[in-house]
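Chains as they are written, first to last, in the UniProt record's numbering: chain A, 1 to 626; chain B, 1 to 110; chain C, 1 to 209. The C-beta atom is built at its ideal place from N, Cα and C for all residues, glycine as well.
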Amino acid sequence: MSTIAHTQKRGFAGTVWDYLTTVDHKKIAILYLLAGGFFFLVGGIEAMMIRIQLAVPNNDFVSAGLFNEIITMHGTTMIFLAAMPLLFAFMNAVMPLQIGARDVAFPFINALGFWLFFFGGLFLNLSWFLGGAPDAGWTSYASLSLASEGHGIDFYALGLQISGFGTLMGGINFLVTIINMRAPGMTYMRMPLFTWTTFVASALILFAFPPLTVGLFMLIFDRMFGSGFFDVAMGGNTIIWEHFFWIFGHPEVYILVLPAFGIFSEIFPTFARKRLFGYSSMVFATVLIGFLGFMVWAHHMFTTGLGPIANAIFAVATMAIAVPTGIKIFNWIMTIWGGSIQFTVPMLYAVAFIPSFVMGGVTGVMQAAAPADYQFHDTYFIVAHFHYVIVGGIVLGLLGGAHFYWPLMFGTMLSEKLGKITFVLFLVGFHLTFFIQHFLGLMGMPRRVWTFLPGQGLDAGNLISSIGAAFMAVGIIIMLVNVVITQKKNIQVGRDPWKDGRTLEWSIPSPAPFYNFKQLPLVRGLDPFWIEKMEGKTEMTPAEPIGDIHMPNNSFTPFVISLGLFIAAFGAMYQADEGKGWAIPVLIIGMIVTFGAMLYRSIKDDHGYHIHKEDLLDDAGKGGTH
Amino acid sequence: MANLQPNSGDPKVTYEYRRKKHAEEMRMQVITFTMMIFFTVIAFAAVGAGFSKWFIVPFVLLLAIVQVIFQLYYFMHMSHKGHAEAQLFMYSGVLVGFLTVLTFVTIIWW
Amino acid sequence: MAAEQKFTPQTWPESPEQATLEGKNKFLGFWFFLGGETVLFASLFATYLALKDSVPSDTHAKAADLFELPLVFLMTMLLLTSSLTSVFAMYHMKNYNFKKMQQWLFITVALGLAFLGCEIYEFNHYYHEYEHKFTSSAFGSAFYTLVGFHGGHVVFGLSWIIALMIRNAKRGLDLYNAPKFYLASLYWHFIDVVWVFIFTVVYLMGMVG
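Spelled out as structure tokens, the structure:
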């Protein structure tokens, strides 16, 4: 039986089963996109509720307690369950193709990473239906979170712990893939910028997530198992949580923004039809940002009272980050400069990103000055700043990337017209929402307040901000419509749909066949596909004859391992309650499921299978449809 | 395809050469182990003898660091070729870890 | 296929753990994981140092009251020796001597179990003699979390090695399981690395106050 043919047609149940067991990085990318997109909408709805509540003074659209839950879940969802997985979607979809790899280094672990993230996110969001969501802010400072009643914070700690394991595995997988699986000729300094940023972001994940893991374990132990890490009465110290959270939390910002930088660094050269200006300085700046990202976490804690020496050190380190970031900004501008520019939707997002992100960066340097930060701290100025960085940097990158890579992932092209409407609405809405918040903050409006009194000069600003949020919401809805229409029409656009693709991912049929490259390409320089095009060729020069291709087997085990932890988390959470004798057994059963599945994976041989040469030759000309 | 021996002219010679090399390496590891035991004994003895705290703390820390370097480079073969990436990431981990420890012994004083 | 090919000591490759692409990936990925583990344990050490002797009242035992050198010395010797025996096992793995490798792994496991026994006795002793509990003070929480995480790693490492030994007992060495044995031994060495810092920072430095 042809191994290629049997993957072609299947019913709905078959498709679901295929996705539950898949280890193909392109399908895992789609899973990340779906799950991350879903959580993005959930976080967006929470954002809209915040802005409705704050649209007018003395509003009581939601209660004060519910408001705390909403802001906590908005932040947590957007960072951990929306931005990270959406970036992981693009990393999975694009990076292996960019380096000319047939697969990632650890397909099984890649799938496990997704399911852990998914079950962690699901667990966290079930809090809404099981007695209330976490309400101590996304930073969950210990003095507040230990005092929080109910199980909200337990959901936060356990859910993030599970999804954090998944992220860590994904990071290691990307690192090894990039180091070991590059195509012949793909040296480090020929890697596309998105691959480089994935590499650095993955390294940051590797070192930033363990402190979060430790902090979350302590929170879990304190709340559910009676320890005293943060409990001052037992000799504990609540500042420990703050440090762990930000030792993780600051690199996390770069984990998110670097891949977004990478996406823009792919979009600019493509649509300016010029090679990226200052490639090596871009690589250098990326690595430097990653390095400095670990030296600055305490700037989130200036007002904690670390003392003038510590504050000064962290202030200087923080300002230093502006230098490599500035290098990047100039390089992007110089890339467009004199190019033959085409304003497609991805390019619009990329161009809009530059001024938006620079504004966020400038306010960041303002806050880096520790004395000034005493004034800005915990006001809407901070809210404005980090939304300029996150929405102006990361979300614009995700939206631009979604349009740019949609053909790569699905073989169809999102409507440019609807895309432009989304772009205008979203960009206008974004600046309308957050620009005014700088001034609200400077006028003294504290962040995380449930409501405010009339006649304090805050009314108009908050109303404008809420109107802006509505613009963004409409923009996103139009984008969803765009997606539905595009997929309904299902017009396959084939290979290199933007016509100006420069890197390897555009040199193969879109969507890519499940084995990616029939023959590994020979890479002869930066922007390898562009080099071949300039020499009048339409395809890459192969680096090997056609031969058998080794592929991994699908597996349901990642799902089971993650499900076990999901079950165990309920046991861990409820065993702290009085009269819930069933909880400890549940905890144990969940752990048995997880470790049993791991043991099963470990002792059962899985050598994968081979696609035979003859089948590959048969598959010629059919493109990558499956 | 599985067994690529770049230096094998005569398989038997290569085989014996490799056996010898392994045996030499083993000798090095036994020496390493002896030194690790020796360091451990000294560290415990220093504490048992009741020297001043200001001597003991840096002294046992130094011994621990030397021991761990032995462990990493000889027992875990980090001295071998092909460990460049492993070294880069271990040292990055050590750096981040060191910063964390430094923070927790300096600016947590409440 | 290549991974199940049978070998003789003569044809066995020089670095069997990295002879296949899968082996190379595992090797690198595992080192990166150990890099992450370094940060994890550093975080636990940092917490321990911040909370050392931090107890709610003077009736609680402090580090200098608790620890006794002989037991810790015994545990250290057990673990250090087990590190050497797992090096022996890898030596025989590289020489394609499966039987000797299994024997040395068996001794490694035995030493690891003895270490674990000592640790359980130790925790039990603190708990009952000194009322030094996980839930009694921040110091207790930090101590049991740090040393307990290490103990958890020992348990996991032992289970891993035992599972590998049983699974491959009949099959012998091939390029599919050689990387697995190699990684398990790396993990075991890393556990020893952490212990070197635990006996230094927690016990020896704890004794001198």
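Does any CB atom of chain D fall closer than 8 Å to the CB of N95 of chain C?
-> Absent from the structure: chain D. Protein chains present are A, B and C.
Cβ separation of A260 of chain A and G150 of chain A, assumed to be a contact under 8 Å, to the nearest whole Å | At roughly 36 Å, the Cβ-Cβ gap does not stay under 8 Å, so A260 of chain A and G150 of chain A are not in contact.
Looking at the structure shown, is P542 of chain A part of a helix, part of a strand, or coil, going by DSSP?
-> strand
Of all the options A:I485, A:T344, A:F353, which has the alpha carbon lying nearest to the alpha carbon of W498 of chain A?
-> A:T344
Are any of the Cβ atoms in chain B nearer than 8 Å to that of G307 of chain A?
-> yes
Spatial neighbours of F88 of chain C within its chain, please: CB distance less than 6 Å, with the 5 preceding and 5 following residues excluded, ordered by chain position.
-> W104
For chain C, find out if any of its Cβ atoms is closer than 8 Å to the Cβ of P513 of chain A; answer yes or no.
-> no
Does E85 of chain B get closer than 8 Å to chain C when you measure Cβ to Cβ?
-> Yes - at least one Cβ of chain C is within 8 Å of the one on E85 of chain B.
What does DSSP give as the partner residues of P251 of chain A in its beta bridges?
-> Note: P251 of chain A sits in no beta bridge, so no partner.
Taking 8 Å as the CB-CB limit, is A64 of chain B close to chain C?
-> yes
Buried or exposed: which applies to Q53 of chain A, given that a residue is buried once 16 or more other Cβ atoms fall within 10 Å of its Cβ?
-> By the neighbour-count rule (16 or more Cβ atoms within 10 Å), Q53 of chain A is buried.
Between the C-alpha atoms of R275 of chain A and Q492 of chain A, what's the straight-line distance to the nearest angstrom?
-> Distance between the alpha carbons of R275 of chain A and Q492 of chain A is about 28 Å.
Within 8 Å, strictly: CB atoms of L463 of chain A and V56 of chain A = Yes, the pair counts as a contact, with Cβ atoms nearer than the cut-off.
Between F40 of chain A and the ligand ZN, is the CB less than 7 Å from at least one heavy atom?
-> The ligand ZN is not part of the structure shown, which contains no ligands of any sort.
Is there at least one Cβ from chain A nearer than 8 Å to V202 of chain C's Cβ?
-> no
Start and end of the alpha helix (DSSP H) containing H128 of chain C?
-> 98-130
From A:Q575, A:A569, A:F244, residue whose alpha carbon lies closest to that of F155 of chain A = Distances from the CA of F155 of chain A to each of A:Q575, A:A569, A:F244 were compared; the closest alpha carbon is that of A:A569.
Counting only the same chain and skipping the five closest in sequence on each side, list residues whose C-beta sits under 7 Å from that of I70 of chain A.
-> E46, M49, I50, V62
Does L292 of chain A come within less than 8 Å of chain C when only Cβ atoms are used?
-> no
Please list, in chain order, all residues of the same chain as A29 of chain A whose beta carbon is under 6 Å from its beta carbon, the five residues on each side excluded.
-> A89, N92, A93
Where does F194 of chain A land, buried or exposed, given buried means 16+ other C-beta within 10 angstroms?
-> buried
In the segment 158-180 of chain C, which residues sit with their C-beta less than 8 Å from some C-beta in chain B, listed in chain order?
-> L175
Can you name, in chain order, every residue of its own chain whose Cβ lies under 7 Å from the Cβ of F123 of chain A, other than the five neighbours on each side?
-> F155, L158, G159, I162, F566, A569
Along chain B, in chain order, which residues have C-beta atoms closer than 7 Å to that of D53 of chain C?
-> Per Cβ cutoff of 7 Å: no residues; D53 of chain C is ~13 Å from chain B at best.
So does the segment 83-101 of chain C actually touch the segment 65-74 of chain C, counting three or more Cβ pairs closer than 8 Å?
-> no
Test: A49 of chain B CB closer than 8 Å to a CB of chain C = no
Note down the Cα distance separating G152 of chain C from I69 of chain B, rounded to an integer number of angstroms.
-> 24 Å
Span of the beta strand (DSSP E) around M95 of chain A | DSSP places M95 of chain A in no beta strand (DSSP E) but in the uninterrupted alpha helix (DSSP H) bounded by 84-98.
Alpha carbon to alpha carbon, how far is V30 of chain B from V39 of chain C?
-> 29 Å
G429 of chain A versus A473 of chain A: straight-line alpha-carbon distance, rounded | Going by the C-alpha atoms only, they are around 8 Å apart.
Proximal residues, the segment 39-68 of chain C versus chain A, C-beta separation under 7 Å = V39, L40, S43, L44, T47, A50, L51, S54, V55, P56
Residue closest to R601 of chain A, alpha-carbon to alpha-carbon, out of C:F143, C:W160, C:S137, C:A50 = C:W160
From which residue to which residue does the beta strand (DSSP E) around H377 of chain A run?
-> H377 of chain A -> no beta strand (DSSP E), and no H or E assigned at all.
Which listed residue (A:M234, A:F277, A:G290, A:F284) has its alpha carbon closest to that of E252 of chain A | A:G290
Using DSSP with H/G/I as helix, E/B as strand and the rest coil, what is I321 of chain A?
-> The three-state reading of DSSP puts I321 of chain A in coil, since its state is none of H, G, I, E or B.
For W450 of chain A and D135 of chain A, the rounded distance between their alpha carbons | 12 Å
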